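Note that the numbering used here has the sequence shown beginning at 80, numbered continuously upward. Glycine included, every Cβ here is placed at the ideal spot set by N, Cα and C. Here the structure is a predicted model, which is why all the values come from computation and not from measurement.
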Amino acid sequence: MELRASLPGSVIGVPDPLCLLTVHAHPDDESSKGAGSVALYHAQGVHTVLVCCTGGEEGEVLNPALDTPEVHARLADLRREELAEATRVIGYDEVVMLGYRDSGMAGSEANANPASFAQAPQDEAVERLVSIVRRARPQVMVVYGDEQSGYPHPDHLRVHEIGVLAFEAAGDPERFPEVGPAWQPTKLYYTEFSVARFRQVHEKFLELGLESPFDAEWRKRWDDIQAPVVTTSVDVSEFADIRGRALLAHATQVDPKSPFWFGLPPEVMRTIHPYDDYRLALVAGPDGSIGAPGESDPGGPDGPVETDLFAGVRPAESVSGAVG
Ligand SMILES: [Zn+2]
């Protein structure tokens, strides 16, 4: 950790505690994307911080058992309670709300609401995120990628936009000086939608003689999606049930009978692609320069696939055997 000891605010000779900060758009995104890896790092003693950008006020009630007027009237409160439970299951040490309203889909009324994430002035949203980054001091940040044609939700697109800008601004003392001393995270990752996992789930349904929830339209969508560049694949087999358990905590958002999430027996589901896939997008050098990883560096598009988001950030020998 010598690398970081010379940064402002660090105590010379004392390694900074490891911190992972993820940015998600709505309550439940933290459960469907990367929950297993957050559970893994939490178990290793890494401080885990979730920034949730909106309250998910525009979510529909997708669990038929809870589709009642009472639930609809309390939906915003319920989604906060569900998020608290899901993040407890996953092992987030901190949950910070960025404070915006769910924007709904493009063109909807909610999208024009001045309190929505979509309408937030860019500088304001970036400043809020920079302020959290400078306080939490993560070495690793996780946001969404720029390729979102499969699900172009305005709030998800904004997570990408402000996530990249905040990563670049947090370490620059001249940007947003009023929100704390500069702190430069070392690595910025994008969570990647795993087409491979969904294909394998589909094949497993057929193999077991079950009806697959993935119809021809779904499968065509997979073919159309540009295969994401996976630079980093984190083995989450020890935490493979976390995603399902965390999703169930979002009781209004997830039908426990949904074949999409729960159609396969858990012991089968557990064995299918037990990895969280990421793309390493930006790396900050010791001199503060920020850029994409080198083509053939670990985490570069042609380099060896990383197995740890903290690779290169912590001494290699502390990686293996950290989880008992
Ligand atoms: Zn979302």
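Among the options, the one whose alpha carbon lies nearest that of residue i
i, options, result
"lysine 266", "Thr350, Gln201 and Arg393", "Arg393"
"histidine 151", "Pro345, Gly391, Gln332 and Gly370", "Gln332"
"phenylalanine 318", "Pro353, Arg298, Thr310 and Leu289", "Pro353"
"threonine 350", "Asp387, Lys283 and Leu119", "Lys283"
"threonine 147", "Glu346, Ala330, Asp387 and Gly224", "Ala330"
"aspartate 355", "Val313, Val168, Gly378 and Phe389", "Val313"
Straight-line gap, residue i to residue j (C-alpha atoms, nearest Å)
i, j, result
"leucine 141", "alanine 275", "26 Å"
"glutamate 374", "alanine 165", "37 Å"
"histidine 126", "alanine 114", "14 Å"
"glutamate 136", "leucine 157", "10 Å"
"arginine 254", "glycine 370", "18 Å"
"proline 338", "phenylalanine 293", "9 Å"
"valine 279", "aspartate 251", "Position check: residue 279 holds glutamine in this sequence, whereas valine was assumed. Cα to Cα, glutamine 279 sits roughly 44 Å from aspartate 251."
"serine 116", "threonine 270", "11 Å"
"tyrosine 179", "leucine 287", "44 Å"
"proline 256", "leucine 177", "19 Å"
"serine 210", "alanine 249", "8 Å"
"proline 260", "histidine 232", "33 Å"
"isoleucine 169", "leucine 162", "10 Å"
Buried versus exposed call for residue i [16 or more other C-beta atoms within 10 Å across all chains shown]
i, result
"serine 368", "exposed"
"aspartate 181", "buried"
"lysine 112", "buried"
"aspartate 303", "exposed"
"serine 110", "buried"
Sequence-distant residues of the same chain with beta carbon closer than 8 Å to residue i, five excluded per side
i, result
"glycine 403", "Legend: pLDDT at glycine 403 = 38, less than 50; position of this residue unreliable, value from coordinates given subsequently. None."
"proline 344", "none"
"leucine 285", "Ser291"
"threonine 386", "Thr311, Ser312, Val313 and Asp314"
Close beta carbons around residue i, own chain, < 7 Å, minus the five adjacent residues each side
i, result
"valine 308", "Arg358 and Pro380"
"proline 96", "His126"
"glutamate 206", "Phe255 and Val258"
Own chain partners of residue i with C-beta closer than 6 Å, once the 5 adjacent residues on each side are dropped
i, result
"aspartate 234", "Ala104, Thr133, Ser182 and Phe196"
Note to self: Considering only heavy atoms of ligand 1 and the C-beta of each residue, which residues fall inside 5 Å, strictly closer?
What the structure shows: With the cut-off at 5 Å, the residues found are Ala104, His105 and Asp108.
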